[in-house]
Amino acid sequence: MIEAGTLEDLRDVGAYLQGHFLLTTGRHSDTFFLLARLTERPHRLQPWIARLHEQMENIDAHTIVGPAMGGIIPAYAFAAMADDTRVIFAEKSETDTMVFRRGFRLEPGERVIIIEDALTTGSSIKKVMDAVAEQGAWVSAVGTLVNRSSDGKVPWNIPFFSVLTMPGIETWLPENCPLCRHGVPLSRPKR
Ligand SMILES: [Zn+2]
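Heads up: the sequence shown begins at 197 in the working numbering, then just goes up one per residue.
Shown next, in the form of structure tokens:
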């Protein structure tokens, strides 16, 4: 019996990969979390969401924001845990910021929770925070399924929660990547 919310659980569904990968940030790593392999199985995802929801039950916010694409499914699953919660998503603009389209609007002063699949550097979550701030709303907390930031920390002062924290996973600039130096073929699992 595999326990939900663990690395073993991710490996079992094919969401935890080891090799030589190009991350969205442009850096290289020997570890990749392909969380679509988890989110495509609602029955396997649900216990992760329940754990995250339990950790965040004291956060007073009734609007959930998920960054497209990876955050959409976990954000919707998270919002479905309560009957008084709505959920919207932010998506990439042509200028590489995050924006709300499709008529999604936040009220000035509204509190929101950002739910994302994985945290690496936090740069895309920061862009969502900017989009929220632009509408005069507030981010009360951020939650992710996996925190793979190299030191386990986050670059902001907002409460942060994660089901699984995996510090110590190295990432390298391409010019410093030891796997490139050894000629290991590079792959992009999301392609
Ligand atoms: Zn490399």
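In this text, a Cβ means the ideal position worked out from N, Cα and C, and glycines have one as well.
- For residue 209, the uninterrupted alpha helix (DSSP H) run begins and ends at 203-209, by DSSP.
- Remark: the C-beta of residue 375 is in contact range of ligand 1, defined as less than 6 Å to any heavy atom.
- In this structure, the straight-line span from the alpha carbon of residue 209 to that of residue 243 is close to 14 Å.
- The C-beta separation of residue 245 from residue 270 comes to about 6 Å, placing the pair in contact by the 8 Å criterion.
- Measuring C-alpha to C-alpha distances from residue 336 to each of 232, 224, 252 and 236 identifies 252 as the nearest.
- CA-to-CA, the gap between residue 247 and residue 359 works out to about 7 Å.
- Counting along the chain, residue 334 sits inside no alpha helix (DSSP H); it lies in the beta strand (DSSP E) bounded by residues 334-343.
- Put simply, of 304, 287 and 303 the residue whose alpha carbon is nearest the alpha carbon of residue 296 is 287.
- Burial check for residue 211: the Cβ neighbour count within 10 Å reaches 16 or more, so the residue is buried.
- Contact check for residue 351 against residue 318 passes: the beta carbons are separated by less than 7 Å.
- Scanning its chain for C-beta atoms nearer than 7 Å, with the 5 sequence neighbours on each side dropped, one finds around residue 373 the residues 224, in chain order.
- With a threshold of 16 other beta carbon atoms within 10 Å, residue 197 falls short and is exposed.
- Shown here, residue 358 sits in a strand according to DSSP, grouped into three states.
- In terms of side-chain proximity, the C-beta atom of residue 378 is found no nearer than 6 Å to any non-hydrogen atom of ligand 1.
- Boundaries cannot be given for residue 231, as no beta strand (DSSP E) includes it and DSSP labels it neither H nor E.
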